[in-house]
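Read through the structure below, which is laid out as structure tokens, and then see the notes.
Numbering (our numbering), first residue to last: 116 to 688.
So, in structure tokens, the structure goes:
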């Protein structure tokens, strides 16, 4: 009985030993066969460190494929503090090349870290000198730096990107998700003690570059606009200026120039005010250019016709205890002459006949007080108050371009709507997006927003605006051989100290389109705070003429074959 029990125990022990041995064998097989790859990866991770680098950003080109923004490979330098014997000595050697204080470099190199950036996106010459120095514990890796080959050209539209490749302003910011490429991974090797010793290289997988953008902008037209704007601002000793050119048929932006300019290759020392795109952020009282939209509304609503007679009150009229003045002592004139001679009294009378509700409705229809929805960041909405907040004089004031704030983009879009037969288009700057292989990812077709006035009304207003250039306040906007339609504007700015209109600070503007009989260009010129002569007819209209003449010639637009009568008037709109 005892022997039988002993043998049973031996069998149990044997089975337990065999079972345990089987578990060990199974575990070894699992580790060596099924989990070998996973363990190998874990081992590599324990002996490697990866650093993420930005991917290659897509290019930006104009409507003809000319490169406006691209990436260039430049050196960046990093340190491996855990391997350095003398951080101070290394910092001193690097300081002169990197143009960074020795103390700052030493502080970084004394950190208990296996990787630290010392300076990024250096000039190629700095990289060459670092290679020659060949310091232990210091590495150089090539990174992509954004480069704008045209310098300041189109800078306010393009914007710029930051150190880590993120778009910060302009198109670079608005389309950042398209432009960004896949990140690259730099692999650094670690020794047996876990210290990073030197870069092992780049991960084998080739990251996909970002998408490329094709703009509606024409580099040549942009160059013309910027050159003429800089000259105009300089001549007038003005604070700033803006020129926008649209294709009125599509809403495509052909040029958007802002002065003063800046170079997106060197923005670190500039204030945000310098790179603000005033063309779509800054609202101003438009003055008499608003009379074009008031005229369209009044004719559409049959309040007046072009030949309706309006009494000019001999240059002075009181509305709500406020005196409205004209620059000419007009008697009875046609409504067309009200616009051509830029009569404030005639505009105020017509606006009051139209009424606040209808006037407000057309302001909204033309796009004032709302974003144009252009594909650029930072757009302002301007200022259009609800009629319930208007005063007794507001209808008269708004009709002649006061008590309302507009952006240059809103105004040129509204004028372009008249040029297009009464249809408001959505302005845009990106026409096409392609992937790294050149395949089209997205095409942007023209987008109609709404009809504002009838084609008949648009034609009537066009004839009136042609008269502004042939016989009115905008004669200096004339372009030989072409029929030009447009409107001058001279607006007093509010003095922030008194809250009243300034007697010395003005905004001069001209908005129009050409050829009037088949519009190819809609354009606005805004000059902020010109000195000396301040009227839109004297300051902005000549710029419209110079830009328009050059652009029409460049585009090969045939002349209107119509005689242009130019009386060089010095009337102030």
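Yeah, the Cβ is synthetic: ideal placement off N, Cα and C, and Gly gets one too.
Computed from a predicted model, the values in this text were never measured in an experiment.
I'd like to know whether the C-beta atoms of residue i and residue j end up nearer to each other than 8 Å.
i: residue 262; j: residue 187; result: yes
i: residue 183; j: residue 269; result: yes
i: residue 223; j: residue 194; result: yes
i: residue 642; j: residue 351; result: yes
i: residue 589; j: residue 652; result: yes
i: residue 657; j: residue 602; result: no
i: residue 454; j: residue 530; result: no
i: residue 628; j: residue 387; result: no
i: residue 609; j: residue 667; result: no
i: residue 568; j: residue 415; result: yes
i: residue 327; j: residue 173; result: yes
i: residue 205; j: residue 213; result: no
i: residue 675; j: residue 632; result: yes
i: residue 527; j: residue 490; result: no
i: residue 650; j: residue 585; result: no
i: residue 552; j: residue 330; result: no
i: residue 266; j: residue 380; result: yes
i: residue 197; j: residue 207; result: no
i: residue 298; j: residue 260; result: no
i: residue 165; j: residue 257; result: no
i: residue 272; j: residue 255; result: no
i: residue 487; j: residue 397; result: no
i: residue 468; j: residue 325; result: no
i: residue 361; j: residue 336; result: no
According to DSSP, which residues form a beta bridge with residue i?
i: residue 459; result: None; residue 459 has no bridge partner.
i: residue 628; result: 600, 637
i: residue 328; result: 175, 548
i: residue 361; result: 368, 637
i: residue 565; result: 539
i: residue 691; result: Here the chain covers residues 116 to 688 and nothing more, so residue 691 does not appear.
i: residue 447; result: 426
i: residue 290; result: Beta-bridge pairing links residue 290 to no other residue.
i: residue 558; result: 547
i: residue 190; result: 257
i: residue 74; result: Outside the displayed range of the chain (116 to 688) lies residue 74, so it cannot be described from this structure.
i: residue 605; result: 623
i: residue 616; result: 609
i: residue 498; result: 520
In or out: residue i buried (at least 16 other Cβ within 10 Å) or exposed?
i: residue 319; result: Caution applies to residue 319, whose pLDDT of 44 falls short of 50 and renders its modelled position unreliable; the value that the coordinates give is listed next. Answer is exposed; the Cβ neighbour count stays below 16.
i: residue 580; result: buried
i: residue 358; result: buried
i: residue 392; result: buried
i: residue 390; result: buried
i: residue 441; result: buried
i: residue 168; result: buried
i: residue 155; result: Because the pLDDT at residue 155 is just 47, under 50, the model does not fix this residue reliably, and the value given afterwards should be weighed accordingly. By the 10 Å Cβ count, residue 155 comes out exposed.
i: residue 560; result: exposed
i: residue 385; result: exposed
i: residue 406; result: buried
i: residue 413; result: buried
i: residue 310; result: Residue placement at residue 310 is poorly supported in this model, since its pLDDT is 49, which falls under 50; the coordinates still yield a value, given next. Residue 310 should be labelled exposed.
i: residue 671; result: exposed
i: residue 191; result: buried
i: residue 575; result: buried
i: residue 228; result: exposed
i: residue 669; result: exposed
i: residue 562; result: exposed
i: residue 600; result: buried
i: residue 211; result: exposed
i: residue 525; result: buried
i: residue 264; result: exposed
i: residue 533; result: buried
i: residue 333; result: buried
i: residue 418; result: buried
i: residue 465; result: buried
At the 8 Å Cβ level, is residue i part of the contact set with chain B, yes or no?
i: residue 396; result: Among the chains of the structure shown, chain B does not appear; only one protein chain is present.
Meets three-Cβ-pair contact criterion under 8 Å: the region 392-407 and the region 510-517: yes
Segment contact flag, the region 375-392 with the region 609-628, C-beta cutoff 8 Å, min 3 pairs: In short, these stretches do not touch, since the Cβ pair count stays below three.
The region 422-434 / the region 450-464 touching (three or more Cβ pairs under 8 Å): yes
Contiguous alpha helix (DSSP H) assignments of at least 4 residues, all confined to the region 372-424: With a minimum length of 4 residues, the continuous alpha helix (DSSP H) runs that stay inside the region 372-424 are 387-390, 393-396, 405-415.
Given 8 Å, three or more beta-carbon pairs between the region 327-341 and the region 228-240: Taking 8 Å as the limit for Cβ pairs, the verdict is that the region 228-240 does not touch the region 327-341.
Length at least 4, wholly inside the region 228-265: the alpha helix (DSSP H) runs in chain order: The region 228-265 contains these whole alpha helix (DSSP H) runs: 239-248.
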